[in-house]
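J.: A single structure is presented below for examination.
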Amino acid sequence: MKQPVKIILMGFIASALLLSCGYFSGSDLKLRILFDETKQLQVGAKVDYAHCDQTVGRVKNVSLCENGKTAVDLIIFSQFKGLVRSGVMFVVDYPLFSKEPARILMDILSKDIDNPQIKSGATLNGVTWIFYKMAVAADEISPVADSVFELSKTLLNELEVFVKSDDFDRLLEALEKQAKIISGYTIEQKRRFERDILPEIEKKIINHCNRLKTIYNQEEIKKLEKELNELKHSLDINTSAKQ
3 MKQPVKIILM GFIASALLLS CGYFSGSDLK LRILFDETKQ LQVGAKVDYA HCDQTVGRVK
63 NVSLCENGKT AVDLIIFSQF KGLVRSGVMF VVDYPLFSKE PARILMDILS KDIDNPQIKS
123 GATLNGVTWI FYKMAVAADE ISPVADSVFE LSKTLLNELE VFVKSDDFDR LLEALEKQAK
183 IISGYTIEQK RRFERDILPE IEKKIINHCN RLKTIYNQEE IKKLEKELNE LKHSLDINTS
243 AKQ
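In terms of our numbering, the sequence shown opens at residue 3 and continues consecutively.
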């Protein structure tokens, strides 16, 4: 795909937008995570989705439990709470080579992406950094994770993170990667993409084109319209869809 839409699927990272969206709203997902140790973790620390570094929540409170564990109360922003499913892992990340504050990484293995969603108010056990890295490594080398179907599920899951943000340039950057894989989707995956993700992508492109019209950038508009049509064509369930 060409440069403009080369730029929609892997990068919708708009932390500034998330910071301004009122993350203590009633529709946010509230969780308590129990850790053995949480040094340097402060109230207000970010909760990031591991694979794309998207901020999906914030730490609301840190307190010591009677059993010696540390309870971390956090919220997941309402638009991302669908990512929190049974099997989700939360781990404290302490940057070693920067002055960035500690944060919590949220991740889910490919085999758990379709598990039931976790409800607000749940208490979960956090994992250690070593356990987390071992689990991710095992997931990456498993035969299931190597299949196109599982890879597609993982990318679709990340896409649902990306499409929630409002950084148009990063959105376009991600599209090239996804467009190369769409033709290999199953019919069910294409329909999910068409139902849940394409409308938001299309809306963003149309809005961006409307802004470009105000500065008479016709060449850029034509490129964007062309790339959007190519994306729609790749979603045709009659083209290379697996059963």
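Ideal Cβ placement from N, Cα and C applies to all residues, glycine included.
A quick note: this is a predicted structure, and the numbers were derived from the prediction, not measured.
Helix, strand or coil for Phe-79, going by three-state DSSP, please let me know.
T.: Numbered from 1 along the sequence shown, position 77 holds the residue referred to as residue 79. Coil.
J.: Per DSSP, what are the beta-bridge partners of Asp-109 in this structure?
T.: Here residue 109 corresponds to residue number 107 of the sequence shown, with the count starting at 1. Paired residue(s): Met-91.
J.: Pull up the DSSP beta-bridge partners for Tyr-96, would you.
T.: Here residue 96 is taken as the residue at index 94 of the sequence shown, counted from 1. In DSSP, Tyr-96 forms no bridge with anything.
J.: So, at 6 Å on beta carbons, what are the nonlocal neighbours of Asp-95 in its own chain, with the 5 sequence-adjacent residues on each side left out?
T.: Sequence index remark: in the sequence shown, residue 95 carries index 93 (1-based). Only Arg-105, Leu-107 meet the Cβ criterion.
J.: Quick one, which of Ile-110, Lys-62, Asp-116 has its alpha-carbon nearest Ala-137's?
T.: In the sequence shown, the residue the question calls residue 137 occupies position 135. Per the Cα distances, Ile-110.
J.: Please list the terminal residues of the continuous beta strand (DSSP E) segment that includes Leu-126.
T.: Within the sequence shown, residue 126 is the residue found at index 124, counting from 1. In this chain, the beta strand (DSSP E) harbouring Leu-126 covers 125-127.
J.: Can you have a look at Asp-38 and say buried or exposed, based on whether 16 or more other CB atoms are within 10 angstroms of its CB?
T.: The residue you call residue 38 lines up with position 36 of the sequence shown. It counts as exposed.
J.: So Val-93 packs on Thr-40, CB below 8 Å; how close in whole Å?
T.: Your numbering for residue 93 matches position 91 in the sequence shown. Your numbering for residue 40 matches position 38 in the sequence shown. That pair is no contact at about 11 Å.
J.: DSSP three-state label for Lys-32, please.
T.: Working through the sequence shown from its first residue, we reach residue 32 at position 30. Three-state DSSP puts Lys-32 in a strand.
J.: Closer than 8 Å by C-beta to Ile-120: which residues in its own chain qualify, once you throw out the five before and the five after it? Chain order, please.
T.: Reading the sequence shown from its first residue, position 118 is the one you call residue 120. So the qualifying residues of the chain are Leu-31, Leu-33, Val-86, Arg-87, Ser-88, Val-90, Leu-126.
J.: Can you tell me whether DSSP reads Leu-43 as helix, strand or coil?
T.: Translated into the one-based positions of the sequence shown, residue 43 becomes position 41. Of the three classes helix, strand and coil, the one that applies to Leu-43 here is coil, per DSSP.
J.: Under DSSP, the beta strand (DSSP E) around Ile-60 begins and ends at which residues?
T.: Indexing the sequence shown from 1 puts residue 60 at position 58. This sequence places Arg at residue 60; Ile is not what is there. Per DSSP, the continuous beta strand (DSSP E) segment holding Arg-60 begins and ends at 56-66.
J.: What residue range does the beta strand (DSSP E) around Lys-101 cover?
T.: The residue labelled residue 101 in the question sits at position 99 within the sequence shown. From DSSP, Lys-101 is part of no beta strand (DSSP E); its letter is neither H nor E.
J.: For Val-74, name the three-state secondary structure that DSSP assigns.
T.: Working through the sequence shown from its first residue, we reach residue 74 at position 72. Reduced to three states, the DSSP call for Val-74 is strand.
J.: In this structure, does DSSP put Val-146 in helix, strand or coil?
T.: The residue labelled residue 146 in the question sits at position 144 within the sequence shown. Residue confidence for Val-146 is low, a pLDDT of 45 falling below 50, so the modelled location carries little weight; the figure read from the coordinates is stated next. Correct three-state label for Val-146: helix.
J.: Note down, in chain order, each residue of its chain lying with its Cβ closer than 6 Å to the Cβ of Ile-35, except the 5 sequence neighbours on either side.
T.: Your numbering for residue 35 matches position 33 in the sequence shown. Excluding its 5 nearest sequence neighbours in each direction, Ile-35 has C-beta neighbours in its own chain below 6 Å: Val-74, Phe-92, Leu-126, Gly-128, listed in chain order.
J.: Using 10 angstroms around the beta-carbon of Leu-233, count the other beta-carbons present and answer buried if the total reaches 16, otherwise exposed.
T.: Counting from one through the sequence shown, the residue named residue 233 turns up at place 231. Its Cβ being crowded by 16 or more others within 10 Å, Leu-233 is buried.
J.: If we count the other Cβ atoms within 10 Å of its Cβ and call it buried at 16 or more, is Glu-68 buried or exposed?
T.: Locating residue 68 in the sequence shown gives position 66, counting from the first residue. With fewer than 16 other Cβ atoms within 10 Å, it is exposed.
J.: Taking DSSP as the reference, what is the three-state secondary structure of Lys-48?
T.: Stepping through the sequence shown from its first residue, residue 48 is reached at position 46. DSSP places Lys-48 in strand when its eight states are reduced to three.
J.: With DSSP as the reference, identify every bridge partner of Phe-37, one or two as the case may be.
T.: The residue given as residue 37 occupies position 35 in the sequence shown. Partner(s): Thr-72.
J.: Within 10 angstroms of the Cβ of Ser-236, are there 16 or more other Cβ atoms? Answer buried if so, exposed if not.
T.: If you number the sequence shown from 1, residue 236 lands on position 234. Buried.
J.: Can you check which of these residues, Gly-59, Ile-207, Asp-198, Lys-228, is closest to Ile-77 by C-alpha distance?
T.: For the purposes of this step, residue 77 is taken as the residue at position 75 of the sequence shown. Selected option, being the one with the closest Cα: Gly-59.
J.: Using CA coordinates, which residue listed in His-53, Gly-46, Ala-52 is at the minimum distance from Lys-62?
T.: As a position in the sequence shown, residue 62 is number 60, starting the count at 1. Here the closest residue by C-alpha is Gly-46.
J.: Is Glu-227 near Ile-207, with beta carbons less than 9 Å apart?
T.: Locating residue 227 in the sequence shown gives position 225, counting from the first residue. Locating residue 207 in the sequence shown gives position 205, counting from the first residue. Yes, Cβ-Cβ distance for Glu-227 and Ile-207 is below 9 Å.
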